[in-house]
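Shown next, in C-alpha cells, is the structure this report addresses.
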Amino acid sequence: MNLHEYQAKEILRAHGVHIPPGRVATTPDEAEAIAREYGTAVMVKAQVHAGGRGKAGGVKFCKTPADAKEKASAILGMSIKGLTVEQVLVTVAADIGTEAYVGIIVDRATKKPVFMVSAAGGIDIEEVAATTPEKILYVPVDVRYGLPTYDAMRMGFFLYPDVKLARGAAKIMQQLYAAFMASGCSLAEINPLVVTPQGELVAVDGKMVIDDNELDRRPEIAALRDERSEEPSEVDARNANLTFIKLDGNVGCVVNGAGLAMATMDLVKYYGGEPANFLDIGGSSNPEKVVNALRIITADPNVKAILFNIFGGITRTDDVANGIVTATKANPLKVPIVIRLTGTNEEIAMKILQENGFTASSDMDTAVQQAVALAQGGK
Amino acid sequence: MNLHEYQAKEILRAHGVHIPPGRVATTPDEAEAIAREYGTAVMVKAQVHAGGRGKAGGVKFCKTPADAKEKASAILGMSIKGLTVEQVLVTVAADIGTEAYVGIIVDRATKKPVFMVSAAGGIDIEEVAATTPEKILYVPVDVRYGLPTYDAMRMGFFLYPDVKLARGAAKIMQQLYAAFMASGCSLAEINPLVVTPQGELVAVDGKMVIDDNELDRRPEIAALRDERSEEPSEVDARNANLTFIKLDGNVGCVVNGAGLAMATMDLVKYYGGEPANFLDIGGSSNPEKVVNALRIITADPNVKAILFNIFGGITRTDDVANGIVTATKANPLKVPIVIRLTGTNEEIAMKILQENGFTASSDMDTAVQQAVALAQGGK
Amino acid sequence: MSVFIDKHTKLVIQGITGRDGSFHAKQMMEYGTQVVAGVTPGKGGQRFEGTVPIFNTVMDAVQATGANTSVIYVPPPFAADAIMEAAAAGVSLVVCITEGVPVLDMTKVYPFVKERGVRLIGPNCPGLITPGESKVGIIPGRICTPGPVGVVSRSGTLTYEVVYQLTRAGIGQTTCVGIGGDPINGTNFIDCLAAFEKDPQTKAIAMMGEIGGTDEQEAAEYVKQHMTKPVVGFIAGQTAPPGRRMGHAGAIISGSSGTAAEKLEAFAAAGMGIAKRPIDFVELIKARL
Amino acid sequence: MSVFIDKHTKLVIQGITGRDGSFHAKQMMEYGTQVVAGVTPGKGGQRFEGTVPIFNTVMDAVQATGANTSVIYVPPPFAADAIMEAAAAGVSLVVCITEGVPVLDMTKVYPFVKERGVRLIGPNCPGLITPGESKVGIIPGRICTPGPVGVVSRSGTLTYEVVYQLTRAGIGQTTCVGIGGDPINGTNFIDCLAAFEKDPQTKAIAMMGEIGGTDEQEAAEYVKQHMTKPVVGFIAGQTAPPGRRMGHAGAIISGSSGTAAEKLEAFAAAGMGIAKRPIDFVELIKARL
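Protein chains in written order, with our numbering: chain A, 12 to 390; chain B, 12 to 390; chain C, 2 to 290; chain D, 2 to 290.
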C-alpha cells in the first residue's frame, strides 16, 4: 500500500525527522488559509500515488496566500497518470542548499533492508543507479542488530564531509530506519534530504510503501488507505478478498492461484489475445468469491469474453461451478464465457455446468484459444 | 544498584504487568491514610535493600487502616540486617491461590539473559535450585531476537497446565523481559507471581538490580537511587569516583586496580591481619582521589593502620605521593601509614615522600606485613 | 530416492487443529506421510483423529516423537514465531504453507534458521511431495506419480498444472518442491537444483519461475556452471505490468528489473530448455530424458 | 613466537585523539608496535603526531592501511558500537580497553563478533603484550621481558605485579594477556590456554583469576583434559564478602558460587600449581620450567 507524501511525512516527523510544517487542503480556500497561517512562501503539492508529479505540473512554489489559492485551484482536480488530484499538501518552502537521497528497501538478494544513499538527490534514484552507480552507497541492515551507529555514520560521511552534518544525517538514518520498521514498510525514502543555506538538515519530500501483509497488525497504518486514489474496481476486489489488477485487454480472466493466473494471461497473449485483468480467487472455494469475481469483471465494458481457468487442488471445482451458476442466474452474462476446470470434484462440476447450459473443458490451451477467438468476435 | 520493591513494581506496571495498587509511606499516619483510601486489607512492607524482610518482621498483613498505622509504626525505624527502614510500601493485599517464581539474570556462562521460572514460588529461588533443581526451567534469551513467543509459552506451560494462564504468564514474561532490557537490569524478578482464586495473574513482589554501567545513559533510573539506604562511607566514596566497600577489619587499604586491591586484602589476611575495606583509586593519578580516599578511610574508627599499595602503570606514583602529602598536611593522620610504591616515576615519588617525612618501600609483602603489625599495635 | 523428504520423514504439524491444518493433516495421512505429532497450544494430551498425539509446543512434540520435519498451517501473524519454534526445537526441515507473512518478519527468521542449519521451505508455498513416499504441504497427491523428473516452482496451481501434464504424459517425478512466491523465502531455486543434481534418481528438472527478483537469473547461472542434468524453464508473468504485485508478494517488476524477458534470456544463455506454454514441458522434458 | 599479536601486527587505534587514546598511542609507538592508523570521526585526513593517518571510520582505515588489529579507547556508551565497527570492517583481533561497558551491550556484541570469526579481548582489560615485539593496550612495556612464560589474567595491576616479579627474577614472557574483569568478555582463560598450548615458545603459564563466575573452574577442567604444559594459578578475592562487586563488574560472589575457595579447589584437582601470594609465582614457575 502506498502512503501519500503528507502521511509519510507525519510518520517521519513522529520519529524525529525535521520536516517543514505542512497541512492538507482539499479546496483552494483551504490552501490559501494554510498559506496565510504559515505567513511565508509555500509549496502546493498534489497528493496522488504517482511519480513525476513535478513534471506534470502538480507541484508549485507560491509566494503569497493568493498565489497558493490560485495554484491549488489549478492542481486540485488535475489528472496525473490517470489519477485525479483530490487533495494538496501546503507546506512551508525550504531554502535549498544541497539535495541528497536517502532510502531503504527490503532487498530480496541480501534478504535484508538495504539503505541507498546518494549525494545526487532530488532526482529519480533509478536514474542515478543506471547512469552513475558509484554515486550510490548501499548499506544492508541486519535487523537482529538494527542499524548500528557506525553504519549510520558511514552513510553520513558518504553524503557530507563535515562531521556535524554527517552526525545529523546519521541520526536521520536511524530515525528513518525506526519509522521503516515500525510502520512495516517495504520502501521508505526521503528525497530530497536538504541542507539549507543555514546548515540545517530538512526532509523536503517523503515516500513510504507499506507491505500489505503488515496491515492486519497495524490498524493505524491500514487506516491511512485512501481508496479515492485507487482504481475503483481494484478497491472493490480487495474488499471482496480477491486479488485483481485491471489491464487494457478484452479477455476477462478468473483463475485460482497467482502463478497460474499469470500463466493464463501469458497464454491469452500467446494465442493472439489481450488479457483484461489479473484475477486470483485464491485457494478457498467459496462460491461467493466467484460471484464477486464475475461482477467485477463484467463491470469493465472492454471485456468481450470471460475465461475461467481453475485447477482444483484445495479449490473444489464444484464450488466454482456453483458460483458461476448462481452469479449468472442473478445477472445474466452479456458476453460469452469459456470454462476450464480440472482437479478436485471435476466430474460433479462438469455435471452442474452442463445441467445449467454451460460447456466446460479440462484443457487449458483449448479454453484459452476459444476465449481469445470469442473476444475477437469470431468463434 | 538495587531498586526498592516499590520502584521495581512501578517499572513493571509501566510495562503492563498487573500489580496490586500500592504507595510508599514514611510515617504511620501516611500508611493509615493510604490503607483507608484503598478501603481493603493491605500489606505494609519495609523498603530496604535486604532479603529476609518477612522473617525480620518487616512485612505485615493489616485488616484495617488502624492496623496499618500500628504495623507501620513498628516497621518504620526498624533495623533489618543493619539497614534502617525509612519507608514502607502500603499495598492492597492480594488473594493468593498459587505462587510461582519468575526471574531473569544476565548469565555469564551463556553470555545471555536467562529466565528462571518455577512453580515453587514465594520462597528463595536459590534454595529451590539447591534442593529441587528439576522444579526450575532455565530459558536463555538471544537478545538479537528478543524473547520469542514460543519460549514465553514454553515457560507459561511449565508453570500452568491451563492454556489461558499459560498465555497470561507468557505475556508477563515478555513484559518482564521488556522491563529488564529497558531498565538495564542485571536481575529482575517477580516472586511470587500469584494466581488469585479468581484466576488472575498478579505480581505480588518485584525486585530489580540495575547494572551500574547503565546509569549514565539512563538518568531516569539513576534518579531512583536511595542513598539513605546505603552505607554513608560508600555513598561518599562513589561521589568521589572511588570504588569502596567497607569491611570489619582494621587495616585500611588504598590500592590502584581491583585485582591488586583484592590481592592486597588477601595478603593482609595471609599475614594475620584483617582488611578494613576494599578501595580502588582506579587508573587515573589524580591527587584529589588520594585525598578523598584518605578522608573516607580515616573516618572509620576501626582503622588502626593505613596501607598504600600502588603499582604505577598509567597511575603516576608521584601523583599519589603528592596526594598523600596534601591530605596529611590538611588533616594530620592519627594512625600509622605504610606506603608501597613502584612503577611510573617511582624515584620522584620516593623523594617527595622522604622530603615530607614518610618512608616507603617498593615491596608488597614487606609493606603488608608492616601494616598488619602496626594495626595490631606492634611494630 | 528423492530430495528433502522421503518415506522416513517424521512429520509434526503446527496448527493441526485449525481449519487448513486439520484438512491437510488428513490428506497427508491418507497419502502415507508419517504424521507423528501435531501442535496446538492448550490441546496438549489430546489426539488428532484419535491417533496423532497433540502437544502444546514443538519442543514437546519433537522430544516425544522424534519428528524431524515440521509443516506450518498457522495464521500469518504467528507464522514467523512458529518457524523459529520449529527450528529451535531441533527439526531439520520446516515447511511453511502460510500465505501473508510480513516480509520484515522473514528478515529475522531467515538468519535464525540459517544459523541453526535448518532448511526452511516457504513461506507462502504449497510444500513438497515425493510421489509414492511422502507429501508435506498441500500439493494434491493424485496428480503426481513417481518418476525421473525433479520439479521446482515459485507457484502453487501452476505447478499442479505442469505436474498434471507430465503425469498424464507418463512422466513421473522424484520430488516436486514449491518454494513459494514471497520476496524472501528459505529455499531458492539453486538449493533445489543442487539437491536434484545430487539425487541419482533425478534425470531432468522442470523449473517454473515468475517475474520479480533475480532468483531465476542466478539459477540460470548455476545451471550453466554446475548442473550436468538438463533443466527446462518457464516464466509466468510475461504480460504483467511493471510495479504491480501479481498476487504473490514476490511477483513484481521493480523498475526495469525482474522482467520475464530478462529471465528467459538468462535461461537461454544457460542452455536451458524454454517452455513457452506449460504444456511445452511435456515434449521438452521427454526429449531430455 | 607468541599468541594473538607479534611484530607483524598492524594496529588501528579507535579514539586515537582522545585523552587515553593519544597517551597510549604514543606509548605503543614507542614500544615498537606498528600503529598504522587511527580513527576519530571528523578528523579523517589529519595525522596523529604528524605521522599516523587518521580516518573517519574503521572501514576507511582498514581499506587504506591493511590494519588487522584494532584497539579501542572510546567512552563506555560508544564502546559496543566501536567493537562491532571494527569487527565489521574486517580486522581479526579487537582489543577493547574501555571500562564500564554495559553488560547487556555485550550480550549483543558477543554473537556479533563470534559470527564474524573475530577475536575480541576485553572489554575492561589492559590488553596484551608480546615483549620485544608488540604491545596493544596499556600494559607497561618496561616491566616485561621476552621469555618462556605465558601470562593470562582477569586483572590489570595485579598482572603487572606478577609480571614485574617474574621479570625481576629473570623469567621472561611470551605473551601477557589481560582478558578483563567484566562478566561477559570476548576471550576467556580457555581461549588463552589453548593458544599458549599451541605456541612452541611458551613453556609454562601463569594464570591470575578472581572471584565471580566459573571461568577459572572451566579453565581448570581444560588444563586437566588438554594441557601438557604446566599452569600455575592464583585467585584474588579470598577475603571478599559475598554479594558485593569488588571493583570489577565480574568480581562478585553470587550466593555461594564464584568463591575463591571453590576455584582453588578446582586448580588443585587439575594438578595446577597454586600461588598463595603473587610473589609465589616466581618459585612455582621456576620449578616448572
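Positions of the beta carbon are idealized from the N, C-alpha and C atoms, including for glycine.
Here the region 186-194 of chain D makes contact with the region 105-125 of chain D; the two share three or more CB pairs at distances below 8 angstroms. Closer than 9 angstroms at the C-beta level to chain B, one finds these residues of the region 106-121 of chain D: D106, M107, T108, K109, Y111, P112, F113. Cβ proximity to chain B below 8 angstroms picks out G182, P184, I185 from the region 174-206 of chain D.
Pairing V101(B) with A42(B) gives a Cβ-Cβ distance under 7 angstroms. Beyond the five residues adjoining it in sequence on each side, S129(A) comes within less than 6 angstroms, by CB distance, of Y112, V139, K146, I147 in the same chain, given in chain order.
One Cα belongs to V137(D), the other to F268(D), and the distance between them is close to 29 angstroms. Not a single CB atom of chain B sits nearer than 7 angstroms to the CB of A81(D). Separation of R119(A) and S154(C) (C-alpha to C-alpha, rounded to the nearest whole angstrom) is 17 angstroms. Going by DSSP, L204(B) is part of the beta strand (DSSP E) stretching over 196-206. As DSSP reads the structure, Y112(B) sits in a beta bridge with S129(B). In terms of Cβ geometry, A338(A) and L305(A) form a close pair [threshold 7 angstroms].
Here F190(C) carries a helix assignment [DSSP, helix/strand/coil]. For the region 39-56 of chain D, residues whose beta-carbon sits nearer than 7 angstroms to a beta-carbon of chain A comprise P42, G43. Short of 7 angstroms from the beta carbon of V302(B), and not among the five residues preceding or following it, lie these beta carbons of its own chain, in chain order: G334, T337, A338. Linking L105(D) to R155(A) through their CA atoms gives a straight-line distance of about 15 angstroms.
In this structure, P231(C) places its C-beta atom within 7 angstroms of the C-beta atom of A205(C).
With respect to P208(A), G108(A) sits close: the two C-beta atoms are nearer than 7 angstroms. Closest in alpha carbon position to P127(D), among A77(B), I86(B), G324(B), N13(B), is G324(B). Think of a sphere of 9 angstroms around the beta carbon of M60(C): the chain B residues whose beta carbon falls inside it are Y161, R165, in chain order. A distance below 7 angstroms separates the beta carbons of P32(A) and V103(A). Straight across, the Cα-Cα distance linking L258(A) with D311(A) is about 10 angstroms. Within its own chain, the residues whose Cβ lies closer than 6 angstroms to the Cβ of P347(B), once the five positions on either side in sequence are excluded, are A316, L385, listed in chain order. A residue is called buried when at least 16 other Cβ atoms come within 10 angstroms of its Cβ; G148(C) meets this threshold and is buried.
Cα atoms of E242(B) and V215(B): separation of roughly 28 angstroms, rounded to the nearest angstrom. Just measuring C-alpha positions, the residue of V70(B), M164(B), Q380(B) sitting nearest R278(D) is Q380(B).
G284(A) places its beta carbon less than 7 angstroms from that of V383(A).
Closer than 7 angstroms to the CB of Y161(C) there is at least one CB belonging to chain A. Contacts with chain C at 7 angstroms (Cβ-Cβ) include N224(A).
In the three-state scheme derived from DSSP, where H, G and I count as helix and E and B as strand, Q15(C) is classed as strand. In the DSSP assignment, I335(A) forms no beta bridge with any residue. One alpha carbon belongs to F169(B), the other to V72(C), and they sit about 24 angstroms apart. Rounded to whole angstroms, I144(C) and G354(A) show a C-alpha spacing of 8 angstroms.
In the structure shown, M209(C) falls within a strand segment according to DSSP collapsed to helix, strand and coil. With fewer than 16 other Cβ atoms inside 10 Å of its own Cβ, R48(D) counts as exposed. At a cut-off of 7 angstroms between beta carbons, R169(D) makes no contact with chain B. Inclusion of G268(B) and I308(B) in the CB contact set at 7 angstroms is not warranted, their separation being larger than that value.
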